[in-house]
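S.K.: Take the sequence shown: its position 144, counted from the start at 1, is 144 in full-length UniProt numbering, and no numbers get skipped.
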Amino acid sequence: MKILAIETATEACSAALLIDGAISLRYQVQPRMHSQLILPMMEELLNEAGIGLSALDAIAFGRGPGAFTGVRIAVGVAQGAAFAADLPVVPVSTLAALAQRGYREFGFRQLLPAYDARMQEVYWGGYVVDGQGLVRSVFDEEVSTPESVTLPDGLNWQGVGAGWDSYRSVLEARLGNAFSGCEPGLFCSAEDVALLGAALFNEGESVAAEQALPVYLRDKVAAKPKQVNQ
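1. Quick one: give me the first and last residue of the alpha helix (DSSP H) that G163 is part of.
2. Could you tell me the alpha carbon to alpha carbon distance between E11 and L45, rounded to whole angstroms?
3. Pick helix, strand or coil for Y103, following the three-state DSSP scheme.
4. In whole angstroms, give me the CA-to-CA distance for L186 and P31.
5. Identify the continuous beta strand (DSSP E) that holds S180 and give its terminal residues.
6. Where do the N-terminal and C-terminal ends of the alpha helix (DSSP H) with E43 fall, by residue?
7. Give every residue of the same chain whose Cβ lies closer than 7 Å to the Cβ of Q120, excluding the five residues on either side of it in the sequence, and list them in chain order.
8. Report yes if the CB atom of A208 is closer than 8 Å to the CB atom of P91, and no otherwise.
9. Give the straight-line distance between the Cα atoms of S169 and G66, rounded to the nearest whole angstrom.
10. Taking three-plus beta-carbon pairs below 8 Å as touching, is the stretch 95-111 in contact with the stretch 155-169?
11. Kindly indicate which residue of A190, N177, L171 has the alpha-carbon position closest to the one of P184.
12. Assess, as a yes-or-no matter, whether the stretch 77-87 is touched by the stretch 17-30 under the definition of 3 or more beta carbon pairs within less than 8 Å.
13. Between which two residues does the beta strand (DSSP E) carrying F61 extend?
14. Let me know the secondary structure DSSP gives P91 once reduced to three states.
15. Label S206 either buried or exposed according to how many other C-beta atoms from any shown protein chain fall within 10 Å of its C-beta, with 16 as the threshold for buried.
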């Protein structure tokens, strides 16, 4: 299997190339530079491997939630590359990819990834690690105030991501005894987008390039008052 993955939804910009289980990575924490960095990163990886886009099975991308501009960059680049090479794309949750990195680097098996969504809110999800070493969601990802995030069942939950840097005290109080610690310095990486993208591809979760859509989560929140008033 050959999958090229890109991730631009947070402060870190990265691209990864997965070939038969081996992953090569380009990764830089350079806010507001993603549009200049991502295409050269992709080109470097392909040239290093001696292959072109047409040799890939799919392109995976971090589809959000995250910074609006960063998510749009990932969608646009993934679509452009997929159209050029007639490839399917695999949308991967950036919260899931962040959780996957928490497991990959720290061995956490019950993870609560959080990004700062601004407006005193967080993007929030809950994941556990399955028998294949991949994270699986235990409740729907959401955007909410730190005081009202969905609580997971059980104990020993670890937080990951910058949302914990912004709202640790509130989130810790909300979780109570379920909280076991956090790593707020983690950003999403294309390496984990590639790992999850490969699994989703094998499960038949790829889509055509024109169906590569962003997930902002806040769109759903904005729509709720309209639905209530109808």
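Ideal Cβ placement from N, Cα and C applies to all residues, glycine included. Quick caveat: nothing in here was measured; it's all calculated off a predicted structure.
M.R.: A quick look at the data gives this:
1. 162-175
2. 21 Å
3. helix
4. 14 Å
5. Its beta strand (DSSP E) spans residues 179-183.
6. Unbroken alpha helix (DSSP H) run through E43: 34-49.
7. Excluding sequence neighbours, Q120 sits near T145.
8. no
9. 22 Å
10. Flag = yes, the stretch 95-111 and the stretch 155-169 touch.
11. L171
12. no
13. Where F61 is concerned, the enclosing beta strand (DSSP E) stretches over 58-62.
14. Correct three-state label for P91: strand.
15. buried
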